[in-house]
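Peer 1: In this text, residue positions in the sequence shown follow the working numbering: the first is 68, and each later residue adds one. Cβ coordinates follow ideal geometry from the N, Cα and C atoms, glycine included. My structure is below; once you've seen it, I'll send some questions.
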Amino acid sequence: MPNDDLMADMYLLVDQMCNDAGLNWYELSNWAKPGKECLHNIAYWKSANWWGLGPGAHSHVDRKRFWNVKHPTAYKQKLFAGESPIADSEELTAEQLRDESIMLAIRMRTGLALSLLSDTAKDNLAGYKSSGHLEIINDAIQLTAQGRLIADRLVREALA
Numbered sequence: 068m069p070n071d072d073l074m075a076d077m078y079l080l081v082d083q084m085c086n087d088a089g090l091n092w093y094e095l096s097n098w099a100k101p102g103k104e105c106l107h108n109i110a111y112w113k114s115a116n117w118w119g120l121g122p123g124a125h126s127h128v129d130r131k132r133f134w135n136v137k138h139p140t141a142y143k144q145k146l147f148a149g150e151s152p153i154a155d156s157e158e159l160t161a162e163q164l165r166d167e168s169i170m171l172a173i174r175m176r177t178g179l180a181l182s183l184l185s186d187t188a189k190d191n192l193a194g195y196k197s198s199g200h201l202e203i204i205n206d207a208i209q210l211t212a213q214g215r216l217i218a219d220r221l222v223r224e225a226l227a
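See the structure below:
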C-alpha cells in the first residue's frame, strides 16, 4: 500500500485533472460535470429510501435496513416458494441515524449543516477552518481539497 503522502498527492492530482476536464467534485471520491452527478449514489449519501433487488441486495426504508440472502439459488428458491428473500434486518436508532447523516454529509460538496453538530463538535472543528481544511458556507461545513485528505479525522471530530 502506498504511503499516506503519496496517496494524498495522487488524490490531489486526480482532483486537479478532473477540474481541468470540467468535472467538479461532489462527494469525497466522485466528480462529474455539473448536473450529471450520480443520483443513485446521492440517494445513499442522503439516506433516502431504496430497495435492493436480487441476491445479497441491501435496502433502506425509513429507519430500517434489510438484506436478502446472498446465494442466488437460495434467493430463487425463496421466491418460487412464495417466501421473502430477506435474510435479516436492523432498525437504526436516532443516534445511529444522526451519526450516519453527519458521516455522509461531511463527504459531500453541499456539506454538513451546522445545526446537526453539538457545541463540542463545533469547537473541535473550529481550528480546521483556520488551517484551511474546511469552510463554512450557507451555514454548512464544506471540506476544502486539503480537508478531503483528512475527512475521516474530521468525521470523528464532528461526531464528538
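If I'm right that H127 touches W112 with Cβ under 8 Å, what's the distance once you round it to whole angstroms?
Peer 2: Not a contact, Cβ separation roughly 12 Å.
Peer 1: Just verifying my parser: in three-state terms, what is the DSSP assignment at L210?
Peer 2: Three-state result, L210: strand.
Peer 1: Touching or not, the region 159-173 and the region 133-140, by the rule of three or more beta carbon pairs under 8 Å?
Peer 2: The region 159-173, when compared against the region 133-140, does not touch it at the 8 Å Cβ threshold.
Peer 1: Do you know whose CA, among T211, G199, T140, A172, lies nearest A115's CA?
Peer 2: Out of T211, G199, T140, A172, A172 has the C-alpha closest to the C-alpha of A115.
Peer 1: Pull up the distance between the alpha-carbon of L79 and that of L181, whole angstroms please.
Peer 2: Distance between the alpha carbons of L79 and L181: 26 Å.
Peer 1: On the criterion of 16 or more Cβ atoms from any shown chain inside 10 Å, does G121 qualify as buried, or is it exposed?
Peer 2: Per the 10 Å Cβ criterion, exposed.
Peer 1: For a test of the three-state rule: what should DSSP assign to M175, helix, strand or coil?
Peer 2: Three-state result, M175: strand.
Peer 1: So who's on the other strand from S126, going by DSSP bridges?
Peer 2: In DSSP, S126 forms a bridge with F133.
Peer 1: Out of G214, L183, D186, state which residue places its alpha-carbon closest to the alpha-carbon of K196.
Peer 2: Of the listed residues, the one whose Cα sits closest to K196 is G214.
Peer 1: Within its chain, find whatever has a CB closer than 8 Å to the CB of D155; leave out the 5 residues flanking it on each side and keep chain order.
Peer 2: F133, W134.
Peer 1: Give the straight-line distance between the Cα atoms of L192 and V81, rounded to the nearest whole angstrom.
Peer 2: Cα to Cα, L192 sits roughly 26 Å from V81.
Peer 1: Out of R220, L216, R176, I217, point me to the one whose CA is closest to E203's CA.
Peer 2: A small fix is needed here, since residue 203 is Ile in this sequence, not Glu. Answer by Cα proximity: R176.
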